[in-house]
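**Q** Here it is, the structure in full.
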Amino acid sequence: MEQTLITNIGMLIGITDKPRLCGAEMGDLHPIENAYLLIGNGKIAAFGKMADAPQNIDHVVDAKGGVVMPSFCDSHTHIVYAGSREQEFIDKMKGLSYEEIAKRGGGILNSAQRLRNTPEEELYRQSAARLEEVMLKGTGTIEIKSGYGLNVDSELKMLRVIRRMKEEYPVIIKSTLLGAHGVPAEYKGRQDEYVDLVCKEMIPLAAKENLADFIDVFCDKGFFTVEDTDKILNAAAKYGMRPKIHANELDNSGGVQIGIQHHALSVDHLERAGLEEIAALKASETMPTALPGASFFLNMPYALTRQMVDEGLSVALASDYNPGSSPSGDMRFVVSLACINMHLLPEEAINAATINGAYAMDAHRESGSITVGKWANLILTKPVSSIAFIPYAHQTPYIEQVFVKGKAI
Ligand code: NIG
Ligand code: FE
């Protein structure tokens with residue numbers, strides 16, 4: 001058995017075997033001071049106080065007093081895209097809103113045009129570079145969506161790129177079909193027909209090739225209605241694809257409620273979600289997921305995660321890494337934003353970005369916390385004065401080493 005012993009861990013945090021943490025539970029990382037962690041065949045084999053560390057392990061990593069925590073679990077990204085959209089960034093500076101840019105054929109449709117014209121190999125190259133970037137920033141489990149193809153061929157091309165990354169990288173990757181991300185130009189005025197295409201062609205074909213773990217719909221003003229969403233989720237349910245929904249970003253869209261009705265794993269964005277949505281979420285197993293990077297980049301309100309946690313809900317945090325609303329997959333920054341603008345405490349934000357993120361992509365049995373038997377996807381920091389230093393020092397390069405399936409990368 002291949003074993004690695006991490007010794008002299010100043011603080012080992014994120015210890016839980018719960019599938020997700022709710023309300024007050026989110027405030028506790030169950031730290032062990034002066035700890036060890038043993039990795040066997042890529043998985044967490046044991047951990048505890050340094051005094052109880054096993055002897056005679058050949059391969060030892062001295063943590064030198066640093067923190068060891070579970071890697072980030074980024075449950076909502078769009079890292080498969082072609083090129084970038086900084087021209088729209090300038091348009092925004094000149095006063096246009098995200099919706100105005102989309103109406104002019106920019107936004108998602110702009111990315112769709114680029115992606116359709118990009119060969120699969122080149123798309124893979126660009127996407128894999130983004131994956132490598134976020135791995136080095138501490139992401140060990142990641143969900144990646146399609147949604148910039150908007151026709152059968154290009155949506156499947158995106159999903160194949162995700163499958164290839166699953167095969168070639170050690171991080172845990174989940175894939176989501178987001179055919180209903182926008183109505184493509186050639187279907188303008190024929191939204192119903194496009195929804196039919198998603199239901200009758202994209203979903204069955206993606207299922208046949210086993211290309212999508214989950215289904216997503218951009219259920220929001222100017223995009224897809226609650227009725228469209230209902231149809232698509234029904235079609236996907238036949239193939240066992242659970243929903244993760246883009247909801248309540250631009251308006252009070254009803255996306256949260258329709259997601260819950262379909263037992264969604266998560267409802268994401270929530271910038272416009274209020275008390276009604278919080279009440280609906282309380283009676284569900286759906287994970288509300290906030291994307292503060294999008295609020296930051298688009299100058300939108302932040303989701304009411306403080307209220308959610310105070311009401312006893314679980315909350316997850318994700319990056320939404322995409323070319324239009326969040327061109328960054330840095331989960332450290334997401335955690336800092338959640339503290340600064342959403343008033344989560346450091347412990348709550350870290351739990352939201354690890355175990356609760358894992359739950360939001362059905363990866364909590366294999367990642368998201370320090371638990372014997374889970375993959376050793378870990379972040380080792382330089383020595384820090386306290387856990388709060390992590391979100392506080394949001395630009396300090398405190399990550400010393402990242403482990404994926406037990407191996408330093
Ligand atoms: O999650 N809101 C919908 N989709 C993405 C943005 C896509 C884009 O602008 O390219 C999001 O923010
Ligand atoms: Fe998104």
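Numbering (the working numbering), first residue to last: 1 to 409.
Every residue, glycine too, gets a C-beta built ideally from N, C-alpha and C.
Relative to the ligand NIG, is the shortest distance from any of its heavy atoms to the C-beta of serine 328 smaller than 6 Å?
**A** Serine 328: no, Cβ never under 6 Å from the ligand NIG.
**Q** Alpha carbons only, please: which of Phe403, Asn234 and Ala207 is nearest the one belonging to valine 217?
**A** Nearest C-alpha to valine 217: Asn234.
**Q** Between lysine 221 and the rest of its own chain, which residues show a CB-CB distance below 7 Å, the 5 nearest in sequence each way excluded?
**A** Around lysine 221: Leu250, Asp251 and Ser253.
**Q** Can you have a look at arginine 365 and say buried or exposed, based on whether 16 or more other CB atoms are within 10 angstroms of its CB?
**A** When all chains shown are included, arginine 365 counts as exposed.
**Q** With DSSP as the reference, label proline 243 as helix, strand or coil.
**A** Proline 243 falls in the strand class under three-state DSSP.
**Q** Using a threshold of 6 Å, is the CB atom of aspartate 320 nearer than that to any non-hydrogen atom of the ligand FE?
**A** Result yes, Cβ under 6 Å from the ligand FE.
**Q** Looking only at its chain, what residues have a beta carbon closer than 8 Å to the beta carbon of arginine 163, apart from the 5 residues adjacent to it on each side?
**A** Excluding positions up to five away in sequence, the list reads Ser175 and Leu211.
**Q** Would you please state the rounded distance, in angstroms, between the beta carbons of arginine 332 and glycine 138? I believe it to be under 8 Å.
**A** The Cβ separation is near 7 Å, so the contact holds.
**Q** Classify glutamate 271: buried if its beta carbon has 16 or more other beta carbons within 10 angstroms, exposed otherwise.
**A** That one is buried.
**Q** Threonine 141: which of Asp91, Ile79, Ala185 and Ser71 sits nearest, CA to CA?
**A** The residue with the shortest Cα to Cα distance from threonine 141 is Ser71.
**Q** Going along the chain, which unbroken runs of the alpha helix (DSSP H) with 4 or more residues stay wholly within the region 179-255?
**A** Qualifying alpha helix (DSSP H) stretches, in chain order: 191-197, 203-208 and 226-237.
**Q** Report yes if the C-beta of alanine 412 is less than 6 Å from at least one heavy atom of the ligand NIG; otherwise report no.
**A** This structure leaves residue 412 out entirely; the chain is present only between 1 and 409.
**Q** For isoleucine 90, count neighbouring C-beta atoms within 10 Å of its own C-beta (all shown protein chains included) and say buried if the count is 16 or more, exposed if not.
**A** So isoleucine 90 ends up on the exposed side.
**Q** If you draw a straight line from the alpha carbon of isoleucine 6 to that of threonine 381, how long is it in whole angstroms?
**A** Computed Cα separation, rounded: 12 Å.
**Q** Between which two residues does the alpha helix (DSSP H) holding proline 346 run?
**A** Taken as a continuous stretch (DSSP letters only), the alpha helix (DSSP H) holding proline 346 covers 346-353.
**Q** Is there a Cβ of chain C sitting closer than 7 Å to that of valine 171, yes or no?
**A** Going by chain labels, chain C is absent from the structure shown, which holds only one protein chain.
**Q** CB-CB under 7 Å to methionine 50, same chain, minus the five flanking residues each way: which ones, in chain order?
**A** For methionine 50, where only same-chain residues beyond five positions count, the Cβ hits under 7 Å are Thr7, Asn8, Asn34, Ala35 and Tyr36.
**Q** Assuming isoleucine 32 and isoleucine 15 make a contact with CB atoms under 8 Å, what is their CB distance in whole Å?
**A** Right, their Cβ atoms sit about 7 Å apart.
**Q** Per the contact definition of three or more C-beta pairs closer than 8 Å, is the region 345-363 in contact with the region 71-82?
**A** Judged by Cβ distances under 8 Å, the region 71-82 makes contact with the region 345-363, as three or more pairs qualify.
**Q** Below 8 Å, how does it come out for the region 239-248 and the region 272-283: are there three or more Cβ pairs, yes or no?
**A** They touch, by the three-pair rule.
**Q** Helix, strand or coil, according to DSSP, for alanine 338 in the structure here?
**A** Helix, per DSSP.
**Q** Quick one: which unbroken alpha helix (DSSP H) runs of 4-plus residues sit fully inside the region 78-142? Chain order, please.
**A** Complete alpha helix (DSSP H) runs here, min 4: 86-93, 98-103, 108-116 and 120-136.
**Q** Flag this pair as touching only if the region 152-161 and the region 339-359 have three or more C-beta atom pairs under 8 Å; answer yes or no.
**A** The region 152-161 is not in contact with the region 339-359.
**Q** Roughly how many whole angstroms lie between the Cα atoms of isoleucine 409 and arginine 114?
**A** Using only the alpha carbons, I get a separation of about 32 Å.
**Q** With distances taken from CA atoms, which of His269, Asn377, Asp28 and Pro301 is nearest proline 288?
**A** The option with the nearest alpha carbon to proline 288 is His269.
**Q** Nearest to serine 325 by alpha carbon, out of Ala376, Arg116, Arg104 and Ala294?
**A** Out of Ala376, Arg116, Arg104 and Ala294, Ala294 has the C-alpha closest to the C-alpha of serine 325.
**Q** Could you check whether the Cβ of glutamate 99 sits closer than 6 Å to any heavy atom belonging to the ligand NIG?
**A** Because no heavy atom of the ligand NIG lies under 6 Å away, the Cβ of glutamate 99 does not count as near it: no.
**Q** If we require 3 or more residues per run, which beta strand (DSSP E) segments fall completely within the region 355-383?
**A** As far as the region 355-383 is concerned, its whole beta strand (DSSP E) runs of at least 3 residues are 378-381.
**Q** Where DSSP assigns a beta bridge to glycine 274, which residues make up the other side?
**A** In the DSSP output, where bridge partners are listed per residue, glycine 274 has none listed.
**Q** Just verifying my parser: in three-state terms, what is the DSSP assignment at glutamine 55?
**A** Here glutamine 55 sits in coil by DSSP.
**Q** In chain order, what residues of the same chain lie with their CB nearer than 6 Å to the CB of glutamate 120, ignoring the 5 residues before and after it?
**A** Excluding positions up to five away in sequence, the list reads Lys157.
**Q** Mind checking whether threonine 229 and isoleucine 260 have CB atoms under 7 Å apart?
**A** Going by C-beta atoms, threonine 229 is not nearer than 7 Å to isoleucine 260.
**Q** Is the Cβ-Cβ distance between alanine 236 and isoleucine 203 less than 7 Å?
**A** The answer is yes: Cβ separation under 7 Å.
**Q** Pick out the complete beta strand (DSSP E) segments inside the region 283-333, 3 residues or longer, and give them in chain order.
**A** Whole beta strand (DSSP E) segments, 3+ residues: 287-290.
**Q** Can glutamate 2 and asparagine 56 be called in contact, C-beta distance under 7 Å?
**A** No.
**Q** How many angstroms separate the CA atom of alanine 376 from the CA atom of leucine 337?
**A** So the two alpha carbons sit approximately 26 Å from each other.
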